[in-house]
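Step one of this worksheet: look at the structure below.
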Amino acid sequence: MHLRLTGLWRNADFVRLWVGSAVSGVGSQITFLALPLTAVLVLDASPLQMGILAALGGAPALIFGLGTGVWVDRIRKRPVMITADYGRTILICTIPVAAVFQSLHIWHLYVVALSVGILNMLFSVASRSMLPSLIGRDDLVEANSKLEIGRSGSQVVGPGIAGILIRAFSAPIALIVDAVTFVVSAVAVQTIRTPEP
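Just add 7 to wherever you are in the sequence shown, counting from 1, and you've got the working numbering.
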């Protein structure tokens, strides 16, 4: 039996962008679950601290969302996406390392939540802005549909993976897998060959 790819699945650069976005989305969902559980299970965080942590993770999109789109449209998107992925990798890895050395504090999680929130927003805006340079205008509807399927799938799969990892190991260890997803995403985006305008 031979699998035949059709439509945009034959466009290698679109597939790389799709993989980068989907895998990055899984990582973001793991962060969304594992970060607050780390605060509760490792640091015994209070309800107020949990509220602050959640607010810091979502604040960047609310505060900087519109301006970020304008800024990202003026620069090359691929370096923004790669920097966001590697930045999230480094930030997320600091949590299990600090937990191992018993030096993890709530302010550390605050800084990571805010910084990762900013990088999530940059990656998301850049990936959407990069799409027209990879495909023709006639394929934009299909491409956006496929990207949305990847994002929706990551929202279903990510929390499940996070739950399994947290149950089997711990919330800080789940964050190591989270960091790996961002490396995979960065590599996928780095291999896109279509030059940006």
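Cβ atoms here follow ideal geometry from the backbone N, Cα and C, with glycine treated the same way. What you are looking at is a predicted structure, and each value in this text was computed from that prediction instead of being measured.
Here the C-alpha atom of F21 lies approximately 15 angstroms from the C-alpha atom of S31.
Counting along the chain, the unbroken alpha helix (DSSP H) around S131 starts and ends at I113 to L141.
Residue I142 holds the alpha-carbon nearest to the alpha-carbon of T201 among I142, R174 and A186. Using a Cβ-Cβ distance cut-off of 8 angstroms, the stretch 53 to 69 and the stretch 174 to 191 are not in contact, since fewer than three pairs of beta carbons, one from each stretch, lie closer than that value. When secondary structure is reduced to three states using DSSP, D51 falls in the coil class, being assigned neither helix nor strand. Ranking V33, M128, G94 and A41 by CA distance to the CA of S159 puts V33 first. Cβ neighbours of E203 within its own chain (closer than 8 angstroms, five residues either side excluded): R83, K84, R85, M137 and S140.
Sequence-distant Cβ neighbours of V164 in its own chain, meaning closer than 7 angstroms and more than five residues away, are V33.
Between A169 and L63, the CB-CB gap reaches or exceeds 7 angstroms. The beta carbon of C100 lies closer than 8 angstroms to those of L182, I183 and A186 in the same chain, with the five residues before and after it left out.
A straight-line Cα-Cα distance of about 8 angstroms links P179 and I173.
Judged by their CB atoms, G157 and S28 are nearer to each other than the 7 angstroms cut-off. Taking all protein chains in view, the Cβ of I37 is crowded by 16 or more other Cβ atoms within 10 Å, so the residue is classified as buried.
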